[in-house]
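So that you can map any letter, position 866 of the sequence shown is 865 in numbering that gives the first Met the number 0, and since no number is skipped, the others follow by simple counting.
Worksheet for the structure shown next.
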Amino acid sequence: MCSTFYIGALCVLSASWLVLSAPEAGSQSMSEEERLNLKEEAKEMFYHAYTAYMDNAYPADELMPLSCKARWRDSEPSRGDIDETLGNFSLTLVDSLDTLVVLGDIEEFDRALRLVVRDVGFDHDLVVSVFETNIRMVGGLLSGHIMAEHLNQLYGALGWYRGELLTLAKDLATRLLPAFNTTTGIPHAKVNLKYGMKSPKLQGSRETCTACAGTIILEFAALSRLTGDPIFEEKARQAMDCLWSQRHRGSDLVGTVLNVHSGDWVRRDSGVGAGIDSYYEYLLKAYVLLGDEGYLERFNKHYSAVMKYISQGPMLLDVHMHRPHTTSRNFMDALLAFWPGLQVLKGDIKPAIETHEMLYQVIQRHNFLPEAFTTDFQVHWGQHPLRPEFLESTYLLYLATDDPYYLRVGEQVLRSLQKHAWVPCGYAAVKDVRTGVHEDRMDSFVLAETFKYLYLLFAKPSDLIIDLDQFIFTTEAHLLPLSLARLSNLTVVPGPDNQDTAQDSDVEYARSCPNAHYLFPGRHEFAETIRRPLKNFVNNVCPSRKTIKRKLRASEFQAGNSRHMGLLRDMGITIMALPDGRVQLLHTSSNAKSSDDAEEGLLFMQEMIELSKLQQEQPENPPRVVSFTRWVDGHSSKVTIQAGPAQFGLDLKGDVQVSGPIVKARHLRACDQLENEKEVRGKIVIMERGDCMFIEKARRLEALGAIGGIVLDNTPGTSAASSPMFAMSGDGTNDVSIPLVFLFSGDAEVLLKALQENPDLEVVLSDYVEKGKGSVEEVEVDGKDASEGAGEAGEAGEAGEASLEEGAMPQVISIINNRHQYHFQGSESVSNDDLVTVVEGQHEEQALSVPQDEALKNQEILKELEEAETAEEILVAAVRYVNLRQEQENAKGNTPLLDHPSSSIVAELQSLLVRKTASDPSLLRSLLSVHLRELMAVLQQATPSPADLDASIHQLLNQLSAFSTKPPQESTKKPLMTAPASPQGAAQKGDFHENRLEHLTEKIQEKIRKLKKKYEGLIPQHIEGLLSDFEGTSPPNTKDANRKDEL
């Protein structure tokens, strides 16, 4: 908030804290060397987070520290209201500008300033929070502007700067002004940066929180006084006036949420935490910054009410504003940790010390301050997004008391951040303080406030390049000059030390009083006398059970470790392996070895649940591929197998790849010493899943000199085509530099067979470039053995086989991995491992190749289907596709029979239709209603099997039902030049989504049954007749065109 001078400036408000008790006991001291080391460590912590953001996320708003990538608005899954802090305006950099100045880094501040001027703009069609945008962005731009001008005056730095940040601040604040157009003057909670309140998303906007409306006056008043435009201060002052008028006249308390149009309270619970907190802060600071006595009078009224009704010893409990003697909830939230700091500024030190001590004991209990905790100090909400409020109060209490105890408090917070929040790419929020599980989130306030207050706690005024006595901190820890109270609405900053200010002597007198630092040098003993009675306050309210020495944590557990399995049995936990490779844990307290073991078992299960949730919430890692060249009968083909990534080791991203010969590990699971250690060096090692952690396998291989690893699934019959992608996790320490990829067992058989055929096989591990949906792709890349000459190639051409042009890559027509059981009446199912691959340009002995002109036809038809804009055009392209594919199948001698599963044609067509209509579900609706007759005719031409026809129709119906139940979202139109794989369950008659069919009317179901009966035994001539409705110069059949959509 501010420094020693600021405290002195406010000591006229209350002198109660100057009456200090005689010293009774000393406090923990800290040597000068320790202080300097902690100051430097705090500085390094800031730069670890700042550099990670600049290298991996800028110019996005935030860094995702676990993914080590940028968080852009609307590019990641929605997190609800929290995302309305983001506006695609480089939030973290703007919020961090003045922290660079506090750290004395003028060079980086200069560079950051230039980036902001060059890159930041606000003309975005995005709805943002008025409150967050004001305190973080407007405040950050204003503070950056003030620092630039101030450094120019003091040191002659940034001579190029001409007030660009002030212009940006005014532009942004002007975009927030439409939110203030309400009958009460209280602003809406949200506004669209481009369209104001005219956005459809804001039609129902009626409510806002007290803090949201009451935390604008500092930034808007500063902007008015710096630009000379009074509109901003007027709007903010009107909002403050309305909030004051809406207080409960009997209690002088305010509620949490109110209606912006009527001013009526929607939520009447009153406290000092979330929803109200910074309203009280800005009343006091508005008096300090602007010199308006009215704000001080209001603050004093509210403060008296808070201390009378809400303050209960060191605790602060919410009450009903209209019934202030009745508490409204039994928990406190982390945001109230700012209150002791505000009490320091008020001059009421004793309760500030008491509340701060209570909060510190909660932190000692849980490592961090939980987002909410109960009155008996148990965790209510376990999150901790690395908030700064407790450090802010610690800093101000140290300034007020000079007690080194608060340096030790800051040291413990620093150690907790380093131990529990540090990750290689910044600092990650803690999802639950009970388990220590991380969240992929690093808010901008971590750099703007948390590290700033941590650094200032250990820094002395002589360590800083600016005099903090001349500034006030906003709620976001941005610096605004105290001189705004006495200077005009020009662009002003604090002047040099020798500036003549005699004409303002009255104002200077009002801002001064005796400094307690000199009158009471032993005042830290006074703080100790207040803390001493509270020494065991938290434990006395809810005594801690004896500390259990943990034998095993969930993050350390290895299913293949016999010691770990024994420890789980002692805890009363049993493990059951599921067929899909997962494990199920069951905890029974009565089976535990002792009560302590049972309690540890409960903790272990809780940690495992949190780890499971975190894994599900992590953004999906991109797949990888294992590729190699395979020679069969003198012909080469490139085989590509989709693989799962690892969350550790070398990241195979973009052009990064590793290639080399492969070798099987012996023992295959690579958890113990290998029998073939000498063979591993310089090779990519194949191993099996199980017995130890993935990262342990990687460490062992790297130590032996391997250049990579391929882990094979230990569950038979699995495939990437029929299973969700599997990403291998580590143990939190990424000390591996070789890549690891994961292959499902079914896909791995292709690799193992190739290795058996060629023991010198070399493979490439690389990033995945999507082509088709199949898990294995094989594309012929050469029509002759490497040992054969050009003459043999010429002979192949003379033999009438289609060869590829030199250097040309073949176009994959279809890749189908039939890993599903197809059941038909009176027939056997297809083998699980059937792999059907059709490749343009492929030619083998005793097999006809696809003529080149037919390949061109394929591409032409697929392109026609891709560009189709109406249901009629889709049907025309579909018929042509079916005709061509049947010609190709007949040429190979593959004639579909009624008592056999159909060829892949109907599955390909169905998948093509799904992909084509994914971006426009209305096309699928039209096909299944207005053009259902024609669609069924085309599908029946594609397959002679009634079961296949039935399955395809039901699958399309399921897809339509899925469209209707999904929230609308932008879809990227994908090209259809490569026919996708047969979707899972293509011939399972749609029973997977049977529950969704209730959305379809009985009328449509009946229509399907009638049409199926009508078109039994359909012959190709019928198709041509149907097709004539749409082809040629004749217009579409009027009856079909005029039918209404019946769905």
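Every residue gets a Cβ at the ideal spot worked out from N, C-alpha and C, and that includes glycine.
From what residue to what residue does the alpha helix (DSSP H) around H355 run?
Per DSSP, H355 belongs to the alpha helix (DSSP H) from 348-365.
Should R386 be labelled buried (16 or more other beta-carbon atoms within 10 Å of its own) or exposed?
Buried, by the Cβ-count rule.
Tell me which same chain residues have a C-beta within less than 6 Å of the C-beta of I185, skipping the five on either side of it?
Around I185: A212, A238, C241, V259.
Closer than 6 Å by C-beta to E1023: which residues in its own chain qualify, once you throw out the five before and the five after it? Chain order, please.
Confidence in E1023 is poor, its pLDDT being 44 and thus under 50, which makes the residue's placement unreliable; the coordinate value appears in the next sentence. Closer than 6 Å at the Cβ level, and outside the excluded window around E1023, lies no residue.
With DSSP collapsed to three states, give me the class of L536.
Residue identity differs from the one stated: residue 536 is Phe in this sequence, not Leu. Three-state DSSP puts F536 in a helix.
Curious, which full-length alpha helix (DSSP H) runs of at least 4 residues does the stretch 257-324 contain?
Qualifying alpha helix (DSSP H) stretches, in chain order: 276-289, 292-304.
Provide the residue(s) that pair with C208 in DSSP beta bridges, ordered along the chain.
In DSSP, C208 forms a bridge with V256.
With distances taken from CA atoms, which of E609, D569, F450, L413 is nearest E598?
With distances taken between Cα atoms, E598 lies closest to D569.
Given that a residue counts as buried once 16 or more other Cβ atoms are within 10 Å of its Cβ, and exposed if not, what is D94?
That one is buried.
Beta-carbon within less than 7 Å of Y302's beta-carbon, same chain only, minus the 5 sequence neighbours each way: which residues are those?
Cβ within range, chain order: K345.
Checking 8 Å against the spacing of the C-beta atoms, do V378 and R433 come in under that value?
Yes, the pair counts as a contact, with Cβ atoms nearer than the cut-off.
Does the stretch 705-719 touch the stretch 736-746, meaning 3 or more C-beta pairs lie closer than 8 Å?
Cβ pair count under 8 Å is three or more, so yes.
Under three-state DSSP, which class holds M564?
Looking at M564 - three-state DSSP - the assignment turns out to be helix.
With C-beta atoms as the reference, is L335 less than 8 Å away from G381?
No. Outside cutoff.
Any idea if L585 is buried or exposed, counting beta-carbon neighbours within 10 angstroms, 16 or more meaning buried?
When all chains shown are included, L585 counts as exposed.
Considering just the uninterrupted stretch of the beta strand (DSSP E) at H379, what are its terminal residues?
Element bounds for H379: 378-380.
Going straight from the alpha carbon of L85 to that of V265, what length do you get?
Looking at the two C-alpha atoms, the distance is approximately 27 Å.
Taking 8 Å as the CB-CB cut-off, is H563 touching chain B?
Among the chains of the structure shown, chain B does not appear; only one protein chain is present.
Rounded to whole angstroms, what is the Cα-Cα separation between G704 and G681?
Distance between the alpha carbons of G704 and G681: 6 Å.
Report the start-end ranges of each beta strand (DSSP E) in the stretch 415-465 that is 3 residues or longer and not cut off at the edges.
The qualifying runs are 428-431, 436-438.
Classify M136 as helix, strand or coil using the three-state DSSP reduction.
If DSSP states are grouped into helix, strand and coil, M136 belongs with the helices.
Who are the near neighbours of Q646 in its chain, counting only those whose CB is closer than 7 Å to its CB and skipping five residues on each side?
Taken in chain order, the residues that qualify are N620, A726, M727, S728, G729.
Going by other Cβ atoms of all chains shown within 10 Å of its Cβ, with 16 needed for buried, is K451 buried or exposed?
It counts as buried.
By the 10 Å Cβ neighbour count, where 16 or more other Cβ atoms means buried, how is Y915 classified, buried or exposed?
Checking the sequence, you will find Lys at residue 915 rather than Tyr. Buried, because 16 or more other Cβ atoms sit within 10 Å of the Cβ of K915.
Compute the distance between the beta-carbons of V740 and A870, then report whether it is under 8 Å.
Cβ distance not < 8 Å, so V740 and A870 don't count as in contact.
Over what stretch of residues does the beta strand (DSSP E) that includes G742 continue unbroken?
Gly is not the amino acid found at residue 742; the sequence shown has Leu there. Looking at the DSSP string, the run of the beta strand (DSSP E) that includes L742 is 739-742.
Return helix, strand or coil for G681, following the three-state DSSP convention.
Reduced to three states, the DSSP call for G681 is coil.
Reducing DSSP to helix, strand and coil, say where I735 ends up.
A quick correction: the sequence has Val, not Ile, at residue 735. V735 falls in the coil class under three-state DSSP.
At 3 residues or longer, and completely inside the stretch 45-80: list those beta strand (DSSP E) runs for me, N to C.
DSSP runs (the beta strand (DSSP E)) wholly in the stretch 45-80: 61-63, 68-70.
For a test of the three-state rule: what should DSSP assign to R668, helix, strand or coil?
Coil.
Tell me, to the nearest whole angstrom, how far the beta carbon of T166 is from that of A188; I am working on the premise that it is less than 8 Å.
About 26 Å separates the two Cβ atoms, so there is no contact after all.
So, under 8 Å CB-CB, V343 and L395 are touching, yes? Tell me the CB distance rounded to an integer number of Å.
Right, their Cβ atoms sit about 4 Å apart.
Looking only at C-alpha atoms, which of V537, F693, L150 sits nearest to E555?
Per the Cα distances, F693.
Near R699, which residues of its chain fall below 7 Å by C-beta distance, leaving aside the five closest residues on each side in sequence?
A669.
Tell me which residue opens and which closes the beta strand (DSSP E) that F231 is part of.
Note, F231: premise wrong, no beta strand (DSSP E); alpha helix (DSSP H) at 230-244.
Three or more C-beta pairs under 8 Å: does that hold for the stretch 87-105 against the stretch 176-185?
As far as the Cβ criterion goes, the stretch 87-105 does not touch the stretch 176-185, which means the pair count is below three.
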